[in-house]
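Worksheet: one structure, shown below.
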Amino acid sequence: MNFLKSGLQTVLGAQQPNQAPSGAETVELLVERVTSSTLLDDRRDACRALKALSKKYRIEVGIGMNAMLQVLETDRSDCEIIGYCLDTLCNVTSPEQFEEEEDNPNVTPNIGEQFTEIFIKNSENVCLVLSCLEEYDFRVRWAAIKLLTNVLANRPKEIQEIVLVSPMGVSKMMDLLIDSREVIRNDALLLMIQMTKGNGNIQKIVAFENAFDRLLDVIKEEGCSDGGIVVEDCLILMLNLLKNNPSNQQFFKEGSYIQRLAPMLELSPEQDQTGMSPQKVSNLHCMLQVVRSLVCPSNPQQVIGSCQKAIRSSGLLAAICNIIMTSGVPPDLLIETINTIAEVIRGDSQNQDYFNSVIAPCDQPLSAIVLLLMSMVNEKQPLSLRCAVLYCFQSYLYRNEGGQTSLVKTLLQSSEQTTTITSGQLLCRSLFSTDPLSNWFAAVSLSHALLENPAQKEQLLRVVLATSHVSKPVSLLEQCTQLLQQSTGKFQSKVGLLMLLSVWLSHCQLAVRTFLSIPGTIAYLTGQISANEHGDNEYLMQGLCAFLMGLCIQFNDNSVEEHRREFLCQLLIKRIGLDTYNKKLGEVSKHESYSRSAKQPQIRVTSTATELLLDYEFCRLFKTLEALVTKTVNGFNAGGENITELTLSQEASGLVGQYKDIIREQDARLQGLQKQLAGAEERIGQLTQDLAQSQASNGQLQDQNILLKAQLQAASDLRQQNPTSMLSSASSPLHVLTARDEQQQQHQEDLERRLALLTVEQQTDRSKLSYYETENSRLLGELEQLRTRVSAAEGRANETGGELEKVRKDQEDLLELLTDQENKLQRCRMELKRLTGQSFDEDDDDELEEDGGEKASNETNGAQDNKPSAFLC
């Protein structure tokens, strides 16, 4: 303090006793000294004193900010005074509050942000600080980095825009990463992390400034995953450059940087005994996030596919799978690893096959999938881990027909055929356990085995279960239906079962037929839809039941006599009403869980397990089929008749609807082309008319030009003859001849001016004529193209109309066949009446048909009894 006081006395001069200046007065005198002193040493001493006072008297020093900026411009050659000014500005704009100013009531928490706003009003001030980064002196470069970090923390968007327009602004900051002084490099990393947040343009520039090479080099120098906090900072910056930036993702893949990540995720053999340090866990966590940024489901599919292939070929997938097989991995890291595997294998058949081949190092070898499913169905495991396993299992089944088939086969196997537990057994046991959350996990997992796979939906109908409370085995579908009707108070279980049944019945008429054959199903659904219970969860339950009821109508093949489409629609209209049904169906998409689940495939862990209700793929299915179900149900009248398509079957109705849409689209395009054609023809007509007028005007001008040239030649000849005439006519007065000569000269000049004017007009008209001819040629070409497109559109419309006409003709032939069959049936009925003397009405015919149907059904069931035995749970 004595040194500081002596320094202030040197700068300010000696003070009179008992007249010590206040802090504001001291700062004011120092600022005046900075701006008015002619000696560099005086300005340097004043800047040093201002730096010392800037923490306690931030407001007073900040008011004199312009003096610091003036020094940055004028005294650029002196690194010491530049360092003092940058440090002073850094203290003034600091987003944090200093201890020295805690007792000052005038200092507000956002005082640094206010001074930052004043500082960046002139963008040249930021450019001035950026130019200081070029100075190698430690005092200048380090202070400039800290100042940029402060103003960026206070006003990030504004600073990013200024840096973007500043010449070589990003390049100057990137050069800091190769500084040999670790303090400079590490603080530059923190600066670049803030600079690249949320700005795609800066991210692209940084990436193309060889940022990935420099960051990976620093990571390798620091020891990869075993390194310190610097490794984590490098990975965070890399994550900023890759996340939600397809351009940088593609650049990262094409630059073979994925291959350089693989060794960083390999764990040493001693890892099981030594464990992991907290910093190593953080580093591995950030590395996994970098990998996930390359294969995130929200990325373009082309980028995802190429990155998944590179991750597999580089050995990175094997290294990630090795982490989940390693003991002693912390739970947070294990969860992130499972989520990373999920996105690396999602939709990639080769990666899915590799993951299926991973075997856990246990006493009794188990596949990694079975080991993970054991954790998912275990009630003692953390909720976040169980959700991660479900996401991984869903990604394994996503567009993986082989994996879906294998899962269903494990359900068809009997317990005597296998000595190890299978994924099907785990899911089946969990589906019927007493834990509602386990029921939900199992139901969602099974539903993903049926997505976009009608063959497995029919195969799953063959699964039968042996239960202790019934004498004969029951099918899996029947058992799910019974649990749905009997589960009292298990709301989460019911939601899971309803989602499973909805996925199962969609686009599968055989499943709908089997479901409708189970007693009490329609009565249960009708009762749930018409319930008067209120609340978000009750509305969701009623909406899911309404959706399942709609699927039973939409995909009904009318093979179950008492539950035909017309009957179900008539029951729905009379018992519930169309308005009520539509309202209940719409409650699903209004539920909070729907909006949360429909955003992304990964299940986000919520505060409580009871908030896990809807699944992402189910939300997609509901969004796809809701409008179709509503249209089908509302197409029936109170009598159960379809008022929209009376004669066509369901398949034909869908086909005709597609053709109608195609024809409607073709008509719209045809009308648009015809409008363009009419406009082009109108423009061509106008240009043709203008062209004709220009040609006529040009002809007139040419005639006038010829006439004027003749007149000019005649006047010239007459002028040449004037001297001879004057000699021969001595009696003519001289002044008369002179006047006549002047008149002829003036007339000749007028003719020359008119000729020049007509020449200019003729050239102008020729230019216009050339333009009109060029424009006419272009429009004629466009007209020909439009005519070609109209002809093609008309041809496609004719082809579509022909196909529609063919479908209609097929339907007419079908109706004629049905009419012939009805006539033959009538003749047979009359013949039987004549021979037996008994009358046969339509009810007798129906009984005959039902007897024949039951006989055929018994034969079919007999054939099915010879199929492989089902899995006994």
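Under full-length UniProt numbering, think of the first position of the sequence shown as 1, with each following residue one higher. For glycine and all other residues, C-beta sits at the position ideal for the given N, C-alpha and C.
Helix, strand or coil for Ser54 per DSSP?
The residue labelled residue 54 in the question sits at position 54 within the sequence shown. Reduced to three states, the DSSP call for Ser54 is coil.
Using 9 Å as the threshold, is the C-beta distance between Ser225 and Leu265 below it?
The sequence position of residue 225 within the sequence shown is 225, counting from 1. The sequence position of residue 265 within the sequence shown is 265, counting from 1. Yes, these two residues count as a Cβ contact at 9 Å.
Terminal residues of the alpha helix (DSSP H) in which Ser166 lies
Here residue 166 corresponds to residue number 166 of the sequence shown, with the count starting at 1. No alpha helix (DSSP H) contains Ser166, which DSSP labels as neither H nor E.
Keeping to the same chain, check which residues put their C-beta closer than 7 Å to that of Val457; ignore five residues upstream and five downstream.
Within the sequence shown, residue 457 is the residue found at index 457, counting from 1. Checking the displayed sequence, the identity of residue 457 turns out to be Lys instead of Val. Excluding sequence neighbours, Lys457 sits near Leu450, Trp504, Cys508, Ala511.
Taking 8 Å as the threshold, find out whether the region 521 to 541 comes into contact with the region 588 to 601 through three or more Cβ pairs.
Result yes; three or more Cβ-Cβ pairs closer than 8 Å.
C-alpha gap between Met174 and Glu209, whole angstroms
Here residue 174 refers to the residue found at position 174 of the sequence shown. Here residue 209 refers to the residue found at position 209 of the sequence shown. One C-alpha to the other measures close to 7 Å.
Segment limits, alpha helix (DSSP H) that includes Tyr524
Mapped onto the sequence shown, residue 524 falls at position 524. Note, Tyr524: alpha helix (DSSP H), 521 to 529.
Ser506 beta carbon less than 9 Å from that of Leu625:
Residue mapping note: residue 625 aligns to position 625 of the sequence shown, counting from 1. Residue mapping note: residue 506 aligns to position 506 of the sequence shown, counting from 1. With contacts defined by Cβ atoms closer than 9 Å, Leu625 and Ser506 form a contacting pair.
So the candidates are Gln259, Gln308, Cys387, Ser131; which of them puts its Cα closest to the Cα of Ala609?
Taking the first residue of the sequence shown as position 1, residue 609 is located at position 609. Among Gln259, Gln308, Cys387, Ser131, the Cα nearest to that of Ala609 belongs to Cys387.
Less than 9 Å between the C-beta atoms of Cys545 and Leu568, yes or no?
On the sequence shown, residue 545 is found 545 positions in, with the first residue counted as 1. On the sequence shown, residue 568 is found 568 positions in, with the first residue counted as 1. No; because the gap between Cβ atoms is not below 9 Å, this pair is not in contact.
Which residue from Ile63, Ser502, Lys146, Tyr57 puts its Cα closest to that of Asn104?
Here residue 104 corresponds to residue number 104 of the sequence shown, with the count starting at 1. Check the Cα spacing between Asn104 and each of Ile63, Ser502, Lys146, Tyr57: the tightest is with Tyr57.
Every unbroken alpha helix (DSSP H) within the region 773 to 828, with a cutoff of 4 residues, ordered by chain
With a minimum length of 4 residues, no continuous alpha helix (DSSP H) run stays inside the region 773 to 828.
Taking 9 Å as the cut-off, decide whether the C-beta atoms of Val790 and Leu670 are in contact.
For the purposes of this step, residue 790 is taken as residue 790 along the sequence shown, with counting starting at 1. For the purposes of this step, residue 670 is taken as residue 670 along the sequence shown, with counting starting at 1. In this structure, Leu670 lies closer than 9 Å to Val790 by Cβ.
Residue closest to Ile324, alpha-carbon to alpha-carbon, out of Ala342, Lys309, Asn66, Phe547:
Mapped onto the sequence shown, residue 324 falls at position 324. Its Cα nearest to that of Ile324, the residue Ala342 stands out among Ala342, Lys309, Asn66, Phe547.
Taking Cβ to Cβ, would you say Tyr84 is nearer than 9 Å to Arg33?
Sequence index remark: in the sequence shown, residue 84 carries index 84 (1-based). Sequence index remark: in the sequence shown, residue 33 carries index 33 (1-based). Between Tyr84 and Arg33, the C-beta gap is not smaller than 9 Å, which leaves the two residues out of contact.
Can you tell me whether Ser77 is buried or exposed, with buried defined as 16 or more other CB within 10 angstroms of its CB?
Locating residue 77 in the sequence shown gives position 77, where the first residue counts as 1. Result: exposed.
Distance, Cα to Cα, Glu113 vs Gly228?
Here residue 113 corresponds to residue number 113 of the sequence shown, with the count starting at 1. Here residue 228 corresponds to residue number 228 of the sequence shown, with the count starting at 1. Between Glu113 and Gly228, the C-alpha separation is close to 32 Å.
Assign Ala455 to one of two classes, buried (16 or more other C-beta atoms within 10 Å of its C-beta) or exposed (fewer than that).
In the sequence shown, counting from the first residue as 1, residue 455 sits at position 455. Ala455 is exposed by the Cβ-count criterion.
Using a Cβ-Cβ cutoff of less than 8 Å, which residues in the same chain neighbour Ala188 once the five nearest sequence positions on both sides are dropped?
In the sequence shown, the residue the question calls residue 188 occupies position 188. The beta carbon of Ala188 lies closer than 8 Å to those of Ile145, Met173, Leu176, Leu177, Asp179 in the same chain, with the five residues before and after it left out.
Count the other CB atoms, across all protein chains shown, that sit within 10 Å of the CB of Arg513; report buried if there are 16 or more and exposed otherwise.
Residue 513 sits at position 513 when you count from the first residue of the sequence shown. Buried, because 16 or more other Cβ atoms sit within 10 Å of the Cβ of Arg513.
Whole angstroms are fine: how far does the CA of Val633 sit from the CA of Gln828?
Residue numbering aside, residue 828 sits at position 828 when the sequence shown is read from its first letter. Residue numbering aside, residue 633 sits at position 633 when the sequence shown is read from its first letter. According to the sequence displayed, residue 828 carries Cys and not Gln. In this structure, the CA atom of Cys828 is about 38 Å from the CA atom of Val633.
Ordered along the chain, which non-local residues of its own chain (more than five positions away) have a Cβ less than 6 Å from that of Phe555?
What you label residue 555 is simply residue 555 of the sequence shown in a count that begins at 1. In its chain, beyond the 5 residues on either side, Gln509, Val512 have a beta carbon closer than 6 Å to the beta carbon of Phe555.
Three-state secondary structure (DSSP) of Ser180:
The sequence position of residue 180 within the sequence shown is 180, counting from 1. The three-state reading of DSSP puts Ser180 in coil, since its state is none of H, G, I, E or B.
When you measure from the CB of Ile323 to every non-hydrogen atom of the ligand FAD, does any distance come out below 8 Å?
This structure lacks the ligand FAD, and indeed carries no ligand of any kind.
Compare the Cα-Cα distances from Leu461 to each of Lys490, Arg575, Gln425, Phe515 and report the closest residue.
Along the sequence shown, read from residue 1 onward, the residue named residue 461 stands at position 461. The shortest C-alpha to C-alpha distance from Leu461 to any of Lys490, Arg575, Gln425, Phe515 is the one to Phe515.
Under DSSP, the alpha helix (DSSP H) around Ile81 begins and ends at which residues?
Within the sequence shown, the letter at position 81 stands for residue 81. Counting along the chain, the alpha helix (DSSP H) containing Ile81 begins and ends at 79 to 92.
Give the straight-line distance between the Cα atoms of Lys55 and Cys90, rounded to the nearest whole angstrom.
The residue labelled residue 55 in the question sits at position 55 within the sequence shown. The residue labelled residue 90 in the question sits at position 90 within the sequence shown. For Lys55 and Cys90, the distance between alpha carbons rounds to 10 Å.
Would you check if the distance between the CB atom of Leu412 and the CB atom of Gln479 is smaller than 9 Å?
Position 412 of the sequence shown, counted from the first residue, corresponds to residue 412. Position 479 of the sequence shown, counted from the first residue, corresponds to residue 479. Their beta carbons are not under 9 Å apart, which means Leu412 does not touch Gln479 by this criterion.
So, helix, strand or coil for Ala360, using DSSP?
Within the sequence shown, the letter at position 360 stands for residue 360. If DSSP states are grouped into helix, strand and coil, Ala360 belongs with the strands.
Expected contact under 8 Å - CB spacing of Glu101 and Val107 to nearest Å:
Indexing the sequence shown from 1 puts residue 101 at position 101. Indexing the sequence shown from 1 puts residue 107 at position 107. About 5 Å separates the beta carbon of Glu101 from that of Val107, a gap short enough to meet the 8 Å contact definition.
C-beta neighbour in chain B for Leu572, strict 9 Å:
The chain labelled as chain B is not found in the depicted structure, where only one protein chain is given.
Pairwise C-alpha distance: Gln381 and Gln602:
For the purposes of this step, residue 602 is identified with residue 602 of the sequence shown, where counting begins at 1. For the purposes of this step, residue 381 is identified with residue 381 of the sequence shown, where counting begins at 1. A direct Cα-to-Cα measurement between Gln602 and Gln381 gives close to 18 Å.
Suppose the cutoff is 7 Å on Cβ atoms and the five residues either side in sequence are ignored; what does the same chain contact list for Leu216 look like?
One-based indexing of the sequence shown puts residue 216 at position 216. Taken in chain order, the residues that qualify are Tyr257, Arg260.
Completely contained beta strand (DSSP E) runs for the region 444 to 490, where each covers 3 or more residues:
Fully enclosed beta strand (DSSP E) runs of 3 or longer: not present.
Neighbour-count burial assignment, Leu734, 16 or more Cβ in a 10 Å radius
Within the sequence shown, residue 734 is the residue found at index 734, counting from 1. Only weak support is given to the placement of Leu734: the predicted model assigns it a pLDDT of 36, under 50, and the question is left unresolved by the model.
Spell out the partners DSSP gives Ser367 in its beta bridges.
Position 367 of the sequence shown, counting from 1, holds the residue named residue 367. Here Ser367 is bridged, per DSSP, to Ile359.
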